[in-house]
Every structure is written in structure tokens, then in C-alpha cells.
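Beneath this line is the structure, given in C-alpha cells, with notes to follow.
Next up, the structure:
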């Protein structure tokens with residue numbers, strides 16, 4: 088796994104919204120994988136791109152595939168977030184990301200649950216919470232599970248987030264430039280031990296492949 092930076096560190100670099108949290112997790116995780124000389128794994132597992140219509144209409148296009156242990160999820164009743172597998176080293180890559188406070192542009196977020204210890208888990212938590220915060224007809228976030236077999240299960244996360252393209256052209260980064268998509272936030276709680284039904288956040292459909 089890639090170790091999750093402390094809440095204090097995340098606060099100090101301006102990760103004060105779910106939108107920023109999600110882009111931060113994508114950016115840090117991809118940088119950490121590439122930093123471990125795993126460019127091929129990064130290209131397969133964590134993708135970050137742009138869809139630019141014009142200077143005022145730009146989307147950040149994100150996709151992640153997070154492997155998880157489907158046997159433990161089904162046999163223990165735990166939420167799959169507890170059994171997401173690692174695919175990188177243990178040290179977060181120093182990206183230099185630092186944003187000013189969003190200054191009320193976003194809804195504030197509480198500290199992430201203390202049982203989250205990896206960027207992989209944090210990415211899932213921020214995506215699932217952001218998805219739960221959106222109206223049902225707003226499809227900026229999509230999450231679906233795929234199970235090939237016991238050892239081949241993964242959760243796919245896709246996100247399309249508006250961002251300030253002009254700011255990026257002038258030297259900003261995606262984390263600071265991402266814009267608001269939720270008017271309020273909903274969070275699922277993660278107490279220690281077995282937790283909520285796995286289907287309460289993500290797409291209730293599964294794809295089983297041979």
C-alpha cells in the first residue's frame with residue numbers, strides 16, 4: 088500500500104473538500120506508483136486525463152482499478168474498503184502539492200475515518216462519499232465491482248470533475264484547480280470491526296467474467 092499522509096499534513100496542503108481529496112488521492116497514488124518505477128502498473132491502474140472543450144469548459148477525467156480480496160469481503164461481511172489490496176510501495180511520493188484554503192467554495196469535510204491507512208483506501212472513501220453526495224441523475228462519479236474469480240476482483244472508479252483550465256495553464260495543479268460538484272456532503276461511517284453493507288454505496292450490479 089501507499090501510506091496515507093496524516094490528517095494534519097492533508098490539512099496543511101489544503102485538502103479541505105471531497106473534490107480535492109479525490110484528486111489528491113489520484114495524483115499521489117499515481118505519482119507513488121511511477122516513483123516505484125512501475126509506469127506500466129500506473130498506466131493500467133490509475134489514469135488521469137483531460138477533456139477540454141474550451142478554456143471555460145474543462146473536465147478532469149479519472150479512472151482507477153483497485154484490487155480487493157473478494158473472499159474476505161464475502162466471508163466476513165466487512166466493507167470492501169478494508170480489503171483493498173496494495174499495488175505500490177509504502178512511502179507516499181512527494182509531489183509538492185499545496186493549495187490555499189478553498190475559502191468556503193466547497194462544503195467542509197470532517198477528518199477521514201481513522202481506520203483508513205492507505206491512499207488506496209482513501210481514494211475509495213473519497214469517491215464513494217462524493218458519489219453518495221450527488222443527486223441520482225448526476226453521473227460525475229461511477230463505481231462498479233468486477234469479479235473474475237476469487238483472486239481477480241477489483242472495484243472500478245470513474246470520475247469526471249470540472250476544473251479551472253486557465254489556472255492549470257498558469258501553473259496551478261489539478262488538486263487546487265478542481266471545482267465543486269456537490270452542494271452538500273454525505274459520508275458513510277467506518278467504525279472498527281465489521282461495517283456496513285457493501286452494496287449501500289456502490290453500483291449494486293456486478294460483472295462476473297470467466
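Residue numbers (our numbering): 88 to 297.
Even glycine gets a Cβ: it sits at the ideal position worked out from N, Cα and C.
Quantities reported herein were computed from a predicted structural model and do not represent experimental measurements.
Grab me the residues of residue 282's own chain with a C-beta within less than 7 Å of its C-beta, minus the 5 sequence neighbours each way, in chain order.
Residue confidence is low: residue 282 scores 37 on pLDDT, short of 50, so the model does not pin down where it sits. Its coordinate-derived value is still stated next. Short of 7 Å from the beta carbon of residue 282, and not among the five residues preceding or following it, lie these beta carbons of its own chain, in chain order: 165, 166.
Any 3 or more C-beta pairs closer than 8 Å across the stretch 131-142 and the stretch 211-219:
With contact defined as three or more Cβ pairs closer than 8 Å, the stretch 131-142 and the stretch 211-219 are not in contact.
Compute the Euclidean distance between the alpha carbons of residue 288 and residue 229, then round it to the nearest angstrom.
Low local confidence applies: a pLDDT of 46 at residue 288 is under 50, so the model's placement there is unreliable, with the coordinate-based value given in what follows. Taking the straight line joining both Cα atoms gives about 10 Å.
Buried versus exposed call for residue 264 [16 or more other C-beta atoms within 10 Å across all chains shown]
Buried is the label assigned to residue 264, since at least 16 other Cβ atoms lie within 10 Å of its Cβ.
Going by DSSP, which residues form a beta bridge with residue 198?
Beta-bridge analysis with DSSP links residue 198 to no other residue.
Please report the Cβ distance between residue 114 and residue 262, rounded to the nearest whole angstrom; I am assuming they are in contact, meaning their Cβ atoms lie under 8 Å.
Contact between residue 114 and residue 262 holds, with the beta-carbon distance rounding to 6 Å and staying under 8 Å.
In whole angstroms, what separates the C-alpha of residue 102 from that of residue 235?
C-alpha separation (whole angstroms): 35 Å.
Own chain residues within Cβ distance below 6 Å of residue 152, not counting five before or after
Around residue 152: 132, 241, 243.
Give me the residue from 267, 257, 271 with the minimum Cα distance to residue 142.
Looking at the Cα atoms, 257 is the closest of the given residues.
Buried versus exposed call for residue 171 [16 or more other C-beta atoms within 10 Å across all chains shown]:
Classification for residue 171: buried.
For residue 138, the first and last residue of its enclosing alpha helix (DSSP H)
That residue, residue 138, is in no alpha helix (DSSP H); its beta strand (DSSP E) goes 133-141.
Between the alpha carbons of residue 285 and residue 110, how many angstroms are there, rounded?
Low local confidence applies: a pLDDT of 43 at residue 285 is under 50, so the model's placement there is unreliable, and no value is given.
So, using beta-carbon positions, are residue 225 and residue 248 closer together than 9 Å?
It is not a contact, given that the beta carbons lie outside the stated cut-off.
State the Cα-Cα distance for the pair residue 98 and residue 161, rounded to the nearest angstrom.
Residue 98 and residue 161: Cα-Cα distance of roughly 35 Å.
Hey, out of 169, 145, 187, 146, whose CA is closest to residue 154's CA?
Closest by alpha carbon: 169.
If you follow the alpha helix (DSSP H) that residue 98 is in, where does it begin and where does it stop?
That run of the alpha helix (DSSP H) goes 94-99.
List the endpoints of the continuous alpha helix (DSSP H) containing residue 151.
Where residue 151 is concerned, there is no enclosing alpha helix (DSSP H), although the beta strand (DSSP E) it sits in stretches over 144-154.
So which of 189, 193, 190, 180 has the shortest CA-CA distance to residue 299?
A question about residue 299 goes unanswered here, because the residues of the chain that appear run from 88 up to 297.
Check whether the Cβ atoms of residue 195 and residue 104 sit closer than 9 Å, and answer yes or no.
Yes, these two residues count as a Cβ contact at 9 Å.
Could you work out which residue in 274, 129, 183 is closest to residue 213 when comparing CA atoms only?
Comparing Cα positions, the closest option is 274.
Answer with buried or exposed for residue 209, where buried requires no fewer than 16 other C-beta atoms within 10 angstroms of its C-beta.
Burial is judged here by how many other beta carbons sit within 10 angstroms of a residue's own beta carbon; residue 209 has at least 16 and is buried.
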